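Written below as C-alpha cells is the structure these notes are about.
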Amino acid sequence: MSRRMDYVIELDKPVADLYQSFTSRAYWEDLIAEHQKHTDSELTRFSSDETGTDISFTHTVSRRDMPSLIAAVVPLRLTITREQHFDPFDPAANAADGHYRALVPAAPMDFDGTYVLQQTAQGSELRLRSVCKVNVPLVGGKIEQWVLDGLRGLFDSERDFTRDWIASHY
Numbered sequence: 097m098s099r100r101m102d103y104v105i106e107l108d109k110p111v112a113d114l115y116q117s118f119t120s121r122a123y124w125e126d127l128i129a130e131h132q133k134h135t136d137s138e139l140t141r142f143s144s145d146e147t148g149t150d151i152s153f154t155h156t157v158s159r160r161d162m163p164s165l166i167a168a169v170v171p172l173r174l175t176i177t178r179e180q181h182f183d184p185f186d187p188a189a190n191a192a193d194g195h196y197r198a199l200v201p202a203a204p205m206d207f208d209g210t211y212v213l214q215q216t217a218q219g220s221e222l223r224l225r226s227v228c229k230v231n232v233p234l235v236g237g238k239i240e241q242w243v244l245d246g247l248r249g250l251f252d253s254e255r256d257f258t259r260d261w262i263a264s265h266y
C-alpha cells in the first residue's frame, strides 16, 4: 500500500517570477545553505536548458533524529538524494509541470511526485502531489505516514524560504 499527499504553495507573485526562481541556480544554492543549518546538505547537480531544469541535492540525516521505529531499520546516517525537474515554461498556458523523487538507497522506500506550477487569481501556486511507498511488512504504513508528516514540515519550511527569497529578489 502507498500513501499520498497533496501540498500547495501559494504566492502573491506572477507565475513567471516563481518559475524563474525555481530555475535559478542562485535560488537552489540559497535553499541548500538554509538546509545546511539543520542537516548536512549539498547541491550535487544543476542544469538548465531548452529541455527544462534539473536539480539534485542530498540531505544526510542522523539516526538520532528519527523515531525509534524507523531508526531500528536504517543505518546510523541516512543520505537522501532529492532529484527535481521542471519542464520548460509554457507562456500560452502560463504554467509549467515537473516531477521529483527522493532516493534513499539504505531504505526500502519509493518516493516521487509531480509539480504543477500555474497562475491563479491571487498570483501563482505550486501544486505538489507526492506518493510514498515503504516495503516493510507490518510497519510500512506507519513509516509512510512518518515520511509524509516530515515532508509536510519540510515543504512548510521550503514554502517560507521561497516566499522570503522571492520577496527579496523581485
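Take the working numbering: the last position of the sequence shown gets the number 266, and nothing is skipped along the way.
Glycine included, every Cβ here is placed at the ideal spot set by N, Cα and C.
Please read these numbers as outputs of a predicted model, since none were measured by experiment.
Query raised in the report: Is it buried or exposed for leucine 127, if we count other Cβ within 10 angstroms and need 16 for buried?
Result: buried
Query raised in the report: In terms of residue numbering, what span does the beta strand (DSSP E) encompassing phenylalanine 207 cover?
Result: 205–216
Query raised in the report: Secondary structure at leucine 199, three-state DSSP: helix, strand or coil?
Result: strand
Query raised in the report: Going by other Cβ atoms of all chains shown within 10 Å of its Cβ, with 16 needed for buried, is glutamine 218 buried or exposed?
Result: exposed
Report task. Identify whether serine 143 lies in helix, strand or coil by the three-state DSSP scheme. Result -> strand
**Report entry** Run of the beta strand (DSSP E) containing lysine 229, from where it starts to where it stops
**Finding:** 219–230
Query raised in the report: Under three-state DSSP, which class holds aspartate 126?
Result: helix
Report task. For the alpha helix (DSSP H) holding leucine 107, just list the boundary residues, first then last. Result -> Counting along the chain, leucine 107 falls outside any alpha helix (DSSP H), though it belongs to the beta strand (DSSP E) covering 99–107.
**Report entry** Bounding residues of the alpha helix (DSSP H) (the contiguous stretch that carries histidine 265)
**Finding:** 236–265
Query - With 16 other Cβ atoms within 10 Å as the buried cut-off, status of threonine 149 - result: buried
Requested in this report: Please determine if the segment 114–127 and the segment 229–243 are in contact, where contact requires at least 3 C-beta pairs separated by less than 8 angstroms.
Outcome: no
Query raised in the report: Looking at C-alpha atoms only, which residue of Thr147, Thr258, Ala203, Ala129 is the closest neighbour of alanine 192?
Result: Thr147
Query raised in the report: By Cβ distance below 6 angstroms, which residues in the same chain neighbour alanine 198 in space, the five residues on each side in sequence not counted?
Result: Ile176, Arg178, Phe207
Query raised in the report: Smallest Cα separation from alanine 202: which of Val230, Glu130, Ile262, Arg248?
Result: Val230
Query raised in the report: How is histidine 131 classed by DSSP in three states: helix, strand or coil?
Result: helix
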